[in-house]
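Below is one structure, written out as structure tokens; comments come after it.
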Amino acid sequence: MEASPRSQPPHNIALLPPPTFLGHVIPFIELAKKLVFHHNCTITLIIPDDGSFMKPQKSLLQGLPVAINTVFLPPVSTDDLPENAGAELLLSVRLTRSFPALRDTFTSLKELGTSAAVDLFAIDAIDIAKQFGIPAYLFHVIASYELSLSVL
0 MEASPRSQPP HNIALLPPPT FLGHVIPFIE LAKKLVFHHN CTITLIIPDD
50 GSFMKPQKSL LQGLPVAINT VFLPPVSTDD LPENAGAELL LSVRLTRSFP
100 ALRDTFTSLK ELGTSAAVDL FAIDAIDIAK QFGIPAYLFH VIASYELSLS
150 VL
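Heads up, the sequence shown is in numbering that gives the first Met the number 0, so the first residue is 0 and it goes up one at a time.
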């Protein structure tokens with residue numbers, strides 16, 4: 000006899016937003032809530048530590064449903080970069096240097112029947128997910144203003 004869909008364990012989805020830009024973190028949190036409430040999924044939010052105190056990010060994560068687990072990757076050093084390095088460069092380097100910790104996280108998630116969705120800034124994480132046989136997708140966050148048609 001085949002098990003009913005309700006008796007099967009929920010599918011786990013790993014979400015990887017960039018830590019620095021709250022405009023990207025918030026849509027990932029909202030996506031996580033939708034997946035939990037409407038599709039009976041469990042979520043693992045993987046947040047790379049950007050070296051700041053991350054107060055805004057951590058305050059957003061308080062009060063989330065119990066089906067949403069947060070994993071903070073350890074901070075990485077960017078001391079070797081120039082002081083005037085732009086935010087995009089810092090983010091890219093931090094994400095790249097977080098890949099060993101991300102691999103460890105994917106190793107533990109592999110057993111949960113996980114898939115992954117990553118931000119455009121973390122697109123290289125798709126290759127890491129594929130190394131573990133984890134299907135991965137791009138979740139592209141865009142402002143609604145950018146979708147509007149401007150009249151010139």
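For each residue, glycine too, the CB sits at the ideal point set by N, CA and C. Bear in mind the structure is a predicted one, so any value in this text is a computation, not a measurement.
Let me know the secondary structure DSSP gives residue i once reduced to three states.
i, result
"ILE45", "strand"
"MET0", "Reliability fails at MET0, whose pLDDT of 46 lies under 50, so the model's placement of it is uncertain and no value is given."
"ALA135", "strand"
"VAL117", "strand"
"LEU80", "coil"
"PRO18", "coil"
"ILE12", "strand"
"ASP123", "coil"
Taking residue i and residue j to be in contact with their CB atoms under 8 angstroms, please state how far apart those CB atoms are, rounded to whole angstroms.
i, j, result
"ASN11", "LEU108", "6 angstroms"
"THR41", "PRO9", "5 angstroms"
May I ask which residues mark the beginning and end of the alpha helix (DSSP H) holding residue i?
i, result
"LEU111", "From DSSP, LEU111 is part of no alpha helix (DSSP H); its letter is neither H nor E."
I need the boundaries of the beta strand (DSSP E) containing residue i, first residue and last residue.
i, result
"LEU72", "67–72"
From the options, pick the residue whose C-alpha is nearest to that of residue i; which is it?
i, options, result
"GLU110", "LEU94, LEU89, LEU148, ILE133", "ILE133"
"VAL65", "GLY22, LEU34, PRO26, PRO55", "LEU34"
Indicate whether the contact test is met: 3 or more Cβ pairs, each with one atom in the region 94–108 and one in the region 67–74, closer than 8 angstroms.
yes
Are the region 114–126 and the region 13–22 touching, with three or more C-beta to C-beta distances below 8 angstroms?
yes
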